[in-house]
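Since the structure comes first, as structure tokens, the remarks are kept for the end.
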Amino acid sequence: MNRHIAGCLLLGFILAVCISCDKMLDKPPLDQITDEQLNFTATEMKLYSNQFYPDFPGWFPGAYTGGIFWLDNATDNMVHGNYNYNAQISGTGTVSASGGGWDWTDIRAVNYFLANYHKSPDAPALTDTYVGEMYFWRAWFYFKLLRQFGDLPWYSRPLTTEDEEALQAPRLKRNIIVDSILNDLDSAVNLLAAPSQAEALRINRGVALAFTSRVALYEGTWEKYHNGTPFGVENADYNKYLRKAADAALTLINAGYYQIASIADDPKFGYWRLFNQQDLSNNPEIILWKKFDKSLGLTHFGQNMLAYGGNNTGLTKQLVDAYLCTDGKPIAVSKAYKGDNTLEDQVTNRDPRLAQTILLPGYPRIITGGDTTGKFILPDINMPGDGRCTTGFEPFKGIAPDDADGTGSATASIIFRYAEVLLNYAEAKVELGEGTQEVLDKTVNVLRDRVGMPRLTADVGFTDPNWEFKNLSPLLNEVRRERRVELAIEGYRFDDLMRWAATALIKQPLYGARYSQFVGKPFNPPLSNIPVSADGYIFPLKNTPAAQGWQFNPGRDYLLPIPSDELVLNKHLTQNPGW
């Protein structure tokens, strides 16, 4: 089908095709199998697990549906042109009658497997890894619900309409749910094959350890920074989860399965190239990824949306300002900082990752037959709809100019990478009061070494008047900065802001590039009606209800509401705070 629509660049049409590509094609190339057909042979177990792989983020852009290079929208990293792009952040959410993410279908399917896999005629040596996948999947789907709703019922078996008592189960405190999630992940780690022995593109022991560190860090920091609020946990033992996060990450570090990929042969663009490859099988940093293949018709249209226009989004001034200068100091105190009058000024003497994250004049956008046929000249701040760059900072990270020819792209999608594990370890250790130089040298400084940035020291060595978390230590501020920069626009920022209870950052007005640098330039169509702040920066949400910042309600919007029909069906369910 993709060949029949070659060359179509109309973004509305691309969106429709994107949805079908990601949902129907973006999964392991094996058929599914239904519950009724299952005899629990190893092959059937593998087929059964395949149905869940599309839940990993792919390339389709959407608030919750995937597309990693769009997931930072509605955070302080990116601004979408629709101020209501994410109702949770904009504070415009309502209690729905049904749906709203309160969906137990996948968990029931996993529970069916876990209740019946013992019937398998095959030896555990053949089936253990697929049982491990199922424990991983239950943890994955429960963590997804936890992030949205907090307290949850815990279901460990498949329910039927006859299970009246279980169907009326109350919500358990979130820490009890997280304990069960981590128990499932421990089971997954014990059962899954090591990466060197696992089938490519499938969940393995390294994936389970990486996810364990993510879940435990999330819960530890959530309970710490929401402590004493309606979203916290009474008598919270958050250090237990921080220790678990550190231990899981260190286990993975010491296992030696992965390492940070070198960019020594291409320091100018090597970091950027990590995110636009079609084959990541030989990249030592990638823990799990999705493969596409044009020859099999397994493609997506994410590259067309990145390369052809601004996609009605853009990076914020706040994100750009977070990058350090090449002397290792922030822009507020560094003599190397050249100011923000032009895009070129802003990347001069700055962390090299900045110039590999935003488009700069002369950068390739489209490469056809090995020749650059389209270069970036000016940001698309004047374009309508999905063609607009909202801030003047257009994303470059993720663009594959040679894979955007309108026939469908095969750029791989990264699901887990080792850099996150190092950052999880660093943050957990600093939160525990154990942020030693040794910890920094095996985590943050490995990432800085890759791009030639000065190493972070345990005493930091400077004071930044613009630290985002003024009540926290300089070291924790810098570890959080490193996380923001290294993982920029990869979809981590929303969860980070929520778990840190970062209300001030969530609610702040968001700005873009200095507008004066674009005045008088040959835009087509000409510039008109670009919203600008009083001090001269593009202000994309100036004429919206978010002009003073997102209308996020910190007494309500850290969690989503339980649909009203569910409260009627299960009288033991309670509504989330503020709803």
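Start counting at 1 in the sequence shown, then tack on 2, and there's your number in this note's numbering.
Backbone N, C-alpha and C define an ideal beta-carbon position, used for all residues, glycine too.
Between Lys175 and the rest of its own chain, which residues show a CB-CB distance below 7 Å, the 5 nearest in sequence each way excluded? Asp153, Val235
Cut-off 6 Å between Cβ atoms - residues of its own chain near Ser189, not counting five sequence neighbours on either side: Tyr137
Take the Cβ of Gly522 as the centre, count every other Cβ of all protein chains shown within 10 Å, and call the residue buried at 16 or more, exposed below. exposed
To the nearest angstrom, report how far apart Pro563 and Gly101 are at their CA atoms. 11 Å
Starting from the N-terminal side, write out each stretch of the alpha helix (DSSP H) that is 4 residues or longer and does not extend beyond the region 145-201. 166-169, 176-193
Do Ala430 and Gly222 have their C-beta atoms within less than 8 Å of each other? yes
Taking Cβ positions, are Ala428 and Val446 nearer each other than 8 Å? yes
DSSP state of Leu562 mapped onto helix, strand, coil: coil
Provide the residue span of the beta strand (DSSP E) that contains Lys377, from first to last. 373-377
What runs of the alpha helix (DSSP H), each 4 residues or longer, lie entirely inside the region 210-244? none
Under 8 Å by Cβ, that's how I've got Gly312 and Thr392 pegged, so tell me the actual separation to the nearest angstrom. 7 Å
Runs of beta strand (DSSP E) lying entirely within the region 366-439, each at least 3 residues, in chain order: 366-370, 373-377, 415-419
Paired residues, beta bridge with Tyr539 - DSSP: Arg516
Straight-line CA distance for Leu2 to Leu489? For residue 2 there is no data in the structure shown, the boundaries of the chain being 3 and 581.
7 Å CB neighbourhood of Leu449 in its chain, flanking five on each side removed: Ile262, Ala421, Leu424, Glu484, Glu488
Do you know offhand how far Lys25's Cα is from Ser198's? Unreliable positioning characterises Lys25 in this predicted model, as indicated by a pLDDT of 36, which lies under 50. A coordinate reading is not provided.
Output the distance between the C-alpha atoms of Asn229 and Leu569, rounded to the nearest integer angstrom. 26 Å
Short check: CB of Phe277 to CB of Ile379, under 8 Å? no
If you draw a straight line from the alpha carbon of Asp405 to that of Ser182, how long is it in whole angstroms? 42 Å
Tell whether a beta-carbon distance below 8 Å holds between Phe143 and Val112. yes
If you follow the alpha helix (DSSP H) that Lys48 is part of, which residue opens it and which one closes it? 44-52
Whole-angstrom distance between Gly437 and Leu477, CA atom to CA atom: 8 Å
Candidates Thr94, Thr162, Gly95, Gln90: closest to Tyr114 by CA position: Thr162
Taking the C-alpha atoms as reference points, what is the distance between Leu361 and Asp407? 19 Å
For the alpha helix (DSSP H) that contains Trp72, what are its first and last residues? Trp72 -> no alpha helix (DSSP H), and no H or E assigned at all.
Under 8 Å, Cβ to Cβ, is there at least one residue of chain C near Thr375? Absent from the structure is chain C; it holds one protein chain and no more.
Check each candidate in Asp130, Asn285, Asn479, Leu507 and name the one with the smallest Cα separation from Lys319. Leu507
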